[in-house]
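Encoded as structure tokens, the structure appears first; notes follow it.
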Amino acid sequence: MSTSTEPLPDEDDREEVDGPEAADLLDAVVDALGGQRREGQARMAQAVTDAIRTGRHLLVQAGTGTGKSMAYLVPAVAHAVHTDRRVVVTTATLALQAQVVERDLPRLAKALAPALRREPTWELLKGRANYLCRNKLDGGFPGDDGALFDLAAPAADGAGDGGRLGREVVRLREWAETTATGDRDELDPGVSDRAWRQVSVSARECLGAQRCPVAAECFSERVRARARQVDVVVTNHAMTAIDAMENNGQLLPEHDVLVVDEAHELADRVTAVATAELSASVLHAASRRLRRSAGIVSDALDDAAVALEAALDEAPSGRLDRWPDALADAVVAVRDASRQALTDLKDANESAGKEEDPESRGARHLARAAVQEVFSVADRLAEDVGRGAQDSFDVAWVTAAFGPASRAPSLHIAPLSVAGLLREKLFTERTVVATSATLTLGGSFDPVAGAFGLKGEKGAKTPWTGLDVGSPFDYRRQGILYVARHLPPPGRAGSDDAVMDELAGLVEAAGGRTLGLFSSRRAAEQAAEAMRGRLSTPVLCQGDDRLPKLVRDFTENASTSLFGTMSLWQGVDVPGDSCTLVVIDRIPFPRPDDPLMSARSRAVDAAGGNGFTTVSVAHAAVRLAQGAGRLIRATGDRGVVAVLDSRLATARYGGFLRESLPDFWPTTSTGTVQAALRRLGG
Numbered sequence: 000m001s002t003s004t005e006p007l008p009d010e011d012d013r014e015e016v017d018g019p020e021a022a023d024l025l026d027a028v029v030d031a032l033g034g035q036r037r038e039g040q041a042r043m044a045q046a047v048t049d050a051i052r053t054g055r056h057l058l059v060q061a062g063t064g065t066g067k068s069m070a071y072l073v074p075a076v077a078h079a080v081h082t083d084r085r086v087v088v089t090t091a092t093l094a095l096q097a098q099v100v101e102r103d104l105p106r107l108a109k110a111l112a113p114a115l116r117r118e119p120t121w122e123l124l125k126g127r128a129n130y131l132c133r134n135k136l137d138g139g140f141p142g143d144d145g146a147l148f149d150l151a152a153p154a155a156d157g158a159g160d161g162g163r164l165g166r167e168v169v170r171l172r173e174w175a176e177t178t179a180t181g182d183r184d185e186l187d188p189g190v191s192d193r194a195w196r197q198v199s200v201s202a203r204e205c206l207g208a209q210r211c212p213v214a215a216e217c218f219s220e221r222v223r224a225r226a227r228q229v230d231v232v233v234t235n236h237a238m239t240a241i242d243a244m245e246n247n248g249q250l251l252p253e254h255d256v257l258v259v260d261e262a263h264e265l266a267d268r269v270t271a272v273a274t275a276e277l278s279a280s281v282l283h284a285a286s287r288r289l290r291r292s293a294g295i296v297s298d299a300l301d302d303a304a305v306a307l308e309a310a311l312d313e314a315p316s317g318r319l320d321r322w323p324d325a326l327a328d329a330v331v332a333v334r335d336a337s338r339q340a341l342t343d344l345k346d347a348n349e350s351a352g353k354e355e356d357p358e359s360r361g362a363r364h365l366a367r368a369a370v371q372e373v374f375s376v377a378d379r380l381a382e383d384v385g386r387g388a389q390d391s392f393d394v395a396w397v398t399a400a401f402g403p404a405s406r407a408p409s410l411h412i413a414p415l416s417v418a419g420l421l422r423e424k425l426f427t428e429r430t431v432v433a434t435s436a437t438l439t440l441g442g443s444f445d446p447v448a449g450a451f452g453l454k455g456e457k458g459a460k461t462p463w464t465g466l467d468v469g470s471p472f473d474y475r476r477q478g479i480l481y482v483a484r485h486l487p488p489p490g491r492a493g494s495d496d497a498v499m500d501e502l503a504g505l506v507e508a509a510g511g512r513t514l515g516l517f518s519s520r521r522a523a524e525q526a527a528e529a530m531r532g533r534l535s536t537p538v539l540c541q542g543d544d545r546l547p548k549l550v551r552d553f554t555e556n557a558s559t560s561l562f563g564t565m566s567l568w569q570g571v572d573v574p575g576d577s578c579t580l581v582v583i584d585r586i587p588f589p590r591p592d593d594p595l596m597s598a599r600s601r602a603v604d605a606a607g608g609n610g611f612t613t614v615s616v617a618h619a620a621v622r623l624a625q626g627a628g629r630l631i632r633a634t635g636d637r638g639v640v641a642v643l644d645s646r647l648a649t650a651r652y653g654g655f656l657r658e659s660l661p662d663f664w665p666t667t668s669t670g671t672v673q674a675a676l677r678r679l680g681g
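Heads up: the sequence shown at position 173 corresponds to 172 in numbering that gives the first Met the number 0, and the numbers run straight through without jumps.
So this is what it looks like as structure tokens:
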């Protein structure tokens with residue numbers, strides 16, 4: 000299936016690049032790796048080649064098993080080598096990032112070297128806070144507030160956070176003398192976030208290469224320098240978003256092709272980067288930084304923190320359709336106080352002169368970073384106060400405290416939509432290839448094209464093409480989609496007991512071997528407890544141990560089941576007999592009280608659309624497809640996806656959701672599906 004906004008350019012308009020065709024290069028790679036030609040992979044490679052040559056954006060859905068990473072890497076690498084123009088590949092998960100860097104690119108480079116006449120090069124680029132900071136290690140910055148411990152003499156009995164923190168920082172300093180990369184992910188075993196903050200800085204806290212006294216030894220700068228010399232840079236969605244939004248291209252090196260893998264996550268990751276938080280504790284921390292690092296006492300900032308805390312305690316939790324007067328006044332006071340503090344810091348820097356010691360200079364820089372963050376968020380919130388909810392481009396809400404162990408109340412603000420931002424910052428200056436196994440919703444690319452700003456925005460005429468290359472799997476023969484139509488809808492009287500009975504019957508028929516995907520941690524834990532009391536097969540639950548170990552135990556131990564929440568809905572790859580049943584307890588709609596989703600839904604309604612369908616159903620369709628995709632991971636896999644939410648069969652939107660799933664053989668017969676599971680269990 001293919002959709003587009005404009006006719007394809009004429010052949011004469013395409014950029015011609017000398018060198019082997021993508022099909023020949025892909026065949027060379029497949030042969031070198033001992034694989035077999037896959038039609039969907041070849042179609043995708045040709046489509047990526049055409050997109051790069053024409054400058055036309057490509058949205059391509061490639062099912063599990065297609066080999067999509069090679070399908071985009073081969074033409075992208077060939078383009079980079081032939082034109083000497085860099086390509087950036089961005090992923091949503093660390094697992095895929097590692098696969099591309101550690102497995103795919105090394106094998107591809109070796110296979111393509113004869114045809115391309117040299118081996119392609121690549122670099123993995125992460126955020127600055129992922130690397131050791133030489134300046135901080137050398138005393139150029141003070142430690143974080145509250146990190147008061149004796150590094151030379153940690154607690155004698157090894158007890159307490161202070162002792163552990165001390166030992167971790169000592170180990171980090173020793174590691175800093177031997178590491179070649181300074182990359183946190185290469186430290187094994189790892190350390191706590193608090194310990195890592197003692198030896199690293201955020202992008203905002205960094206002095207910058209021009210002012211840092213040890214810039215030549217900076218791990219992060221070295222990686223960035225290498226990234227400017229290679230053919231392919233691999234990064235993540237968050238880095239891509241920050242580069243586009245805040246740094247005007249200063250984080251990622253110049254490139255003319257961007258490949259977005261796991262593209263179904265892009266809009267959400269950009270939204271997360273663009274979401275900001277303000278709380279009294281953040282203000283108090285910034286005020287302490289000012290006082291300790293720069294000797295500046297800001298009574299106005301302290302008073303604003305007290306006012307904000309009092310206003311948040313009184314404010315209702317949820318979306319701010321109307322700002323309470325006290326909260327609005329507190330936000331404006333925070334903005335004005337932080338702006339004045341920035342002015343005071345500037346004056347202090349000018350009076351200090353160039354002879355100041357590095358630690359004092361670094362301390363004031365950290366204070367400025369903390370206050371600047373406060374001002375940026377408060378200024379954005381104050382604009383929302385001035386506009387009013389109906390005219391704002393942002394959504395503001397209050398998260399209240401619940402229970403003695405919860406965080407204090409806080410203010411949040413996020414963009415109502417990132418479509419315009421994506422179109423302007425990502426899809427204007429480069430050619431984008433966006434791919435995923437779940438990119439169409441209800442059989443159409445239009446929803447994701449709209450989320451990317453390629454469709455539906457006024458004046459948006461960005462050319463794009465959508466292509467679904469299918470999957471090598473025969474879903475009709477390999478899998479069954481079972482919908483428990485007879486169960487009462489979730490929330491109805493007796494639904495919980497009926498679901499537990501249904502779940503027990505399915506897991507027993509499968510002989511364990513079940514991946515249970517639940518809408519909440521509480522639901523997963525309740526189901527695990529109930530099944531442990533009813534079944535003879537072992538049941539693991541997210542939270543029992545580290546997730547990688549749980550997945551490994553599930554994979555390696557026959558008849559074991561694993562229950563969990565959103566972490567298991569995507570990224571878990573368990574081919575073979577260990578997973579013959581995937582159970583989804585309910586359609587994964589967003590929470591009704593989610594302030595951002597509800598605001599987006601209301602905006603669609605106000606524009607004459609259907610907010611529930613456009614926002615909630617579309618969100619559920621992506622999650623449902625990701626969850627169902629855990630079942631068939633290889634050509635030999637067989638099994639059942641069981642959805643215990645009867646609305647998938649009975650509700651008006653059920654057809655749209657089913658169209659978003661792999662084409663499994665459908666049934667609503669309990670007897671049929673249990674018999675099939677018993678046969679699969681042998």
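Where a beta carbon is used, it is the ideal one built from N, C-alpha and C, also for glycine. Model, not experiment: these values are computed from the prediction.
- DSSP places I412 within a strand segment (E or B) once states are collapsed to three.
- In terms of CA proximity to Q569, L95 leads the group R85, L95, L58.
- In the assembly as shown, L93 is an exposed residue. Its beta-carbon has fewer than 16 other beta-carbons within 10 Å.
- Shown here, Y652 sits in coil according to DSSP, grouped into three states, outside any helix or strand.
- Here V229 carries a coil assignment [DSSP, helix/strand/coil].
- For L486, there is no enclosing beta strand (DSSP E), as DSSP marks it with neither H nor E.
- V573 sits away from L480, with the two beta carbons spaced by 8 angstroms or more.
- Less than 8 angstroms separates the beta-carbon of V100 from that of V233.
- Here the alpha carbons of T669 and L251 stand approximately 53 angstroms from one another.
- Rounded to the nearest whole angstrom, the CA to CA distance from V447 to R533 is 43 angstroms.
- Contact between the segment 645-653 and the segment 472-487 is present: three or more C-beta pairs spanning the two stretches fall below 8 angstroms.
- For the options G34, A27, D230, A70, the alpha carbon positioned closest to that of T434 is the one of A70.
- For the segment 15-69, the continuous alpha helix (DSSP H) assignments of 4+ residues that do not extend past its boundaries occur at 21-31, 38-53, in sequence order.
- A distance below 8 angstroms separates the beta carbons of L282 and V333.
- Collapsing the DSSP output to three states places T667 in coil.
- In the DSSP assignment, D182 forms a beta bridge with Y130.
- The residue among T536, A243, L111, A77 with its C-alpha nearest the C-alpha of K424 is A243.
- Two segments are said to touch when three or more pairs of C-beta atoms, one from each, lie closer than 8 angstroms; by this definition the segment 502-514 touches the segment 573-584.
- Here N609 is exposed. Its C-beta has fewer than 16 other C-beta atoms within 10 Å.
- As the crow flies, the alpha-carbon of K67 is around 24 angstroms from that of G638.
- For the pair of segments examined, the segment 613-628 was found not to touch the segment 555-563: the number of CB pairs separated by less than 8 angstroms stays below three.
- When only Cα atoms are considered, A436 and H56 end up about 17 angstroms apart.
- If only complete runs of 4 or more residues are kept, the segment 182-207 shows the alpha helix (DSSP H) at 192-196, in order along the chain.
- Between the segment 102-117 and the segment 274-290, the count of Cβ pairs shorter than 8 angstroms is below three; the stretches do not touch.
- Considering only R116, A399, N129, the residue with the shortest C-alpha distance to L186 is N129.
- Listed as beta-bridge partners of G317 by DSSP are V397.
- By a beta-carbon distance limit of 8 angstroms, V394 does not contact A418. Their separation comes to about 14 angstroms.
- Segment contact: the segment 333-345 against the segment 366-386, three or more CB-CB distances shorter than 8 angstroms; contact assigned.
- A distance below 6 angstroms between beta-carbons, with the five flanking residues on each side excluded, links V296 to the following residues of its chain, in chain order: R290.
- When C-beta atoms of the segment 316-326 are compared with those of the segment 590-610, three or more pairs fall below 8 angstroms, so the two segments count as touching.
- Bounds of any beta strand (DSSP E) do not take in D604; it lies within the alpha helix (DSSP H) bounded by 594-605.
- Contact annotation: S201 and R127 have beta-carbon atoms nearer than 8 angstroms.
- Secondary structure remark: continuous alpha helix (DSSP H) runs of at least 4 residues inside the segment 521-603, in chain order: 546-555, 565-568.
- Within its own chain, the residues whose Cβ lies closer than 6 angstroms to the Cβ of W664, once the five positions on either side in sequence are excluded, are R475, I479, listed in chain order.
- As computed with DSSP, D467 is found in a beta bridge with Q60.
- Cβ-Cβ distances below 6 angstroms link A31 to A110 in the same chain, with the five nearest sequence neighbours on each side left out; the list follows chain order.
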